[in-house]
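Novice: Please read through the structure below; I'll follow up with questions.
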Amino acid sequence: MKNLYIFISCFVLGLIGAAQTVQLNSFASGFSSPVEIAHAGDSRLFVVEKSGIIKILNSDGSVNPNPFLNISGLVGSGGERGLLGLAFAPDYATSGRFYVNYTDNSSTDQPNTVISKYTVSANPNVADTSGEIILTYQQPYSNHNGGKLAFGNDGFLYIAVGDGGSGGDPQNRAQNTNSLFGKLLRIDVSGATYSIPSNNPFSSSADGPNDPRPEIYAIGLRNPWKFSFDSTTNDLWIADVGQNAYEEINKVIGSGNPGDNYGWRCYEGTHTYNTSTNCPSGGLNSTVAPVAEYPHVGSGCSGSITGGYVYRGSNFPNFSGKYFFADYCTQNIGILTENGSNWDLVFQTPNITKGWTTLGEDVNGELYIAGGSSVYKISDANLDISENETFSFKMYPNPTKNIVNLDLSGIQNKVISINIYNIQGRKILGIAPTQQKITLNIQNYGGGLYFMEVRFDDSSKTIKKLTIN
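Residues in the sequence shown are numbered from 5 upward in steps of one, following the working numbering.
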């Protein structure tokens, strides 16, 4: 007890000056090319597979056996094509509306991007497969499809559209306002058909073949592979994949100004790329400057940003207000920390490395990341004292309020005791288990950080952090 008390006390005091380190904890596996993680305002996560399937991932790490939605028969998947985006309407709890973004199977070279509306069925874990197409546009090439969908604080649906593909935006579509490519679109989907918000920059356009497209909200994007809204400030963050030299991260207050120009193809980050035609008259100063950029190093796959989220959870105070993202090529995780009017960028190589394809945020603001076939929880290693466990037990839900479940079936050694300690190191519960699956009543404990200790017959032990709301 004394040793544990000293360990926890030193551990807690050490948090004040400890270097921030990202720790990834395995949460669920068995997915096929996960490209998006979203929540619908409850404890579930919805994992989007590129082939056209959406699966429900529960808060205990289990995956429902039946998919939430399967539209694989409509989706053309391969390379950068597939089911790429998912967004639940702000009134999903009552309307059951959600929206998806996918490339169809009409062509492998020039497929259509389709934005469709679906609704949940009487079963909250299964969607109605009868969708309604909202918007389509034909891709000129097979790459740079963007695909992210998200609702802003204004209630409108934002759609990330890549520049059409190939390389270098050969037709300069990103700066051409009569093209949807290389843009952030914004539409109102609250009615039977979509409408144009009145303060979109080209809302009054006649929408002829040579007129600006009224759906456009911002221009000058290359391949915005993920954007998000800060769940506290509602500020917009866009990660834009670079051509061959720089990756960039953009942030604007709120959703920015209608008509914002993020610079591509004239500029790659803050660097001139191709200013031969149709670039802003004020040059780089007329564009939205990225809050951060980083160069490619080496040859081959040396940089491809996967945008993320500002951490607004409660489990890891050191992370609060920081923007987390990843890189598919380098397999690093990046963190932006506000420093006055600037943002400081650091990269960390996590304990697990993958080609990271998406980050996700749950209803509580905790962050997740997907790569390969697995989803991982992002945590602060300074608070994760179970990272070197030899034997693992499952503990869920966590965070929790009234009960916590323990599953000891994955442990080979004999368990002789289970103990809970508070942050001061005082043992507040101790039991000798007789079963492999145990439910503990903790409703009389105060909210805060606790430690669940499992001791084995060989004098070893393993500890996990427990958060009680």
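Note that beta-carbon positions come from the ideal geometry of N, C-alpha and C, so glycine has one too.
#1: My assumption, with CB atoms under 8 Å, is that ILE41 sits in contact with VAL379. Please give the rounded CB distance.
#2: Pick helix, strand or coil for THR447, following the three-state DSSP scheme.
#3: Rounded to whole angstroms, what is the Cα-Cα separation between LEU61 and ARG48?
#4: Whole beta strand (DSSP E) runs in the region 372 to 427 with 3 or more residues, listed along the chain?
#5: Give me the Cβ distance between GLY151 and GLY77, rounded to the nearest whole Å; I'm assuming they're in contact under 8 Å.
#6: Take the Cβ of ASP384 as the centre, count every other Cβ of all protein chains shown within 10 Å, and call the residue buried at 16 or more, exposed below.
#7: For ILE435, is the classification buried or exposed, using 16 other Cβ atoms within 10 angstroms of its Cβ as the cut-off for buried?
#8: Is it buried or exposed, ALA126, if we count other Cβ atoms within 10 angstroms and call 16 or more buried?
#9: What residue does the beta strand (DSSP E) around SER120 start on, and which one ends it?
#10: Counting Cβ pairs closer than 8 Å, one from the region 289 to 297 and one from the region 197 to 209, do we hit at least three?
#11: When the Cα atoms are used, what is the spatial distance from ASN355 to GLY325?
#12: Since GLY80 and PRO115 are thought to touch, with beta carbons under 8 Å apart, how far apart are those beta carbons, to the nearest angstrom?
#13: Who are GLN352's beta bridge partners in DSSP?
#14: What would DSSP say about GLY89, mapped onto helix, strand or coil?
#15: Using only the alpha-carbon positions, how far apart do LEU363 and ALA44 sit?
#16: Under 8 Å by Cβ, that's how I've got TRP347 and VAL314 pegged, so tell me the actual separation to the nearest angstrom.
#17: How about ASN204 and PRO218: do their beta carbons lie closer than 7 Å?
#18: Could you name the residues of the same chain whose beta carbon sits closer than 7 Å to that of CYS333, not counting the 5 residues immediately before and after it, in chain order?
#19: Provide the residue(s) that pair with ILE220 in DSSP beta bridges, ordered along the chain.
#20: Can you list, in chain order, the stretches of the beta strand (DSSP E) that have 3 or more residues and sit fully within the region 281 to 348?
#21: With a cut-off of 8 Å, do at least 3 Cβ pairs link the region 121 to 139 to the region 98 to 112?
#22: Excluding sequence positions up to five away, which residues of its chain have a Cβ less than 6 Å from the Cβ of LYS398?
#23: Within the same chain, show all residues whose beta-carbon is closer than 7 Å to that of ASP461, passing over the 5 residues directly before and after it, in chain order.
#24: What does TYR96 pair with, by DSSP beta-bridge criteria?
#25: Pick helix, strand or coil for GLN142, following the three-state DSSP scheme.
#26: Among PRO38, GLN27, ASN29, LEU28, which has the Cα closest to the Cα of GLY375?
#27: May I ask you to list the residues that DSSP assigns as paired with ASP108?
#28: So, is SER146 buried or exposed, given that buried needs 16 or more other C-beta atoms within 10 angstroms?
#29: Return yes when the Cβ of ARG316 is within less than 7 Å of the Cβ of GLY369, no when it is not.
#30: For ASN105, which residues of its own chain have a beta-carbon under 6 Å away from its beta-carbon, when the five flanking residues on both sides are left out?
#31: What's the call for GLU136, buried or exposed, on a 16-neighbour Cβ count within 10 Å?
Specialist: Let me lay it out:
#1: VAL379 and ILE41 do touch by the CB rule: their CB atoms are close to 7 Å apart, below 8 Å.
#2: It is Gln, not Thr, that sits at residue 447 in the sequence shown. DSSP, reduced to helix, strand and coil, places GLN447 outside both helices and strands of the structure shown, so it counts as coil.
#3: Straight-line Cα distance between these residues: approximately 6 Å.
#4: With a minimum length of 3 residues, the continuous beta strand (DSSP E) runs that stay inside the region 372 to 427 are 378 to 384, 398 to 400, 407 to 411, 419 to 426.
#5: A Cβ-Cβ separation of about 19 Å leaves GLY151 out of contact with GLY77 under the 8 Å criterion.
#6: Around the beta-carbon of ASP384, 16 or more other beta-carbon atoms lie within 10 Å, marking it buried.
#7: Classification for ILE435: exposed.
#8: Burial check for ALA126: the Cβ neighbour count within 10 Å stays below 16, so the residue is exposed.
#9: Residues 116 to 123.
#10: Touching, no, given that fewer than three Cβ pairs across the two stretches are closer than 8 Å.
#11: ASN355 and GLY325: Cα-Cα distance of roughly 23 Å.
#12: About 5 Å separates the beta carbon of GLY80 from that of PRO115, a gap short enough to meet the 8 Å contact definition.
#13: ILE337, per the DSSP bridge assignment.
#14: GLY89: strand per DSSP, three-state reduction.
#15: Distance between the alpha carbons of LEU363 and ALA44 is about 16 Å.
#16: About 11 Å separates the two Cβ atoms, so there is no contact after all.
#17: Yes, these two residues count as a Cβ contact at 7 Å.
#18: So the list reads CYS305, SER306, GLY307, SER308, once near-sequence residues are dropped.
#19: Answer is LEU189, bridged to ILE220.
#20: The qualifying runs are 296 to 299, 309 to 314, 327 to 331, 337 to 343.
#21: The region 121 to 139, when compared against the region 98 to 112, does touch it at the 8 Å Cβ threshold.
#22: Once the five neighbours on either side are set aside, the close Cβ partners of LYS398 are ASP411.
#23: ASN417, LYS418, ILE420.
#24: Per DSSP, TYR96 has no beta bridge partner at all.
#25: If DSSP states are grouped into helix, strand and coil, GLN142 belongs with the strands.
#26: By alpha-carbon distance to GLY375, the top candidate from PRO38, GLN27, ASN29, LEU28 is PRO38.
#27: For ASP108, which the question treats as bridged, DSSP gives the partners VAL79.
#28: Buried: at least 16 other Cβ atoms inside 10 Å.
#29: Going by beta carbons, GLY369 and ARG316 fall inside the 7 Å limit.
#30: Counting only Cβ-Cβ distances below 6 Å, and skipping sequence neighbours, we find LEU88, GLY89, ILE119, GLY151, LEU153.
#31: With fewer than 16 other Cβ atoms within 10 Å, it is exposed.
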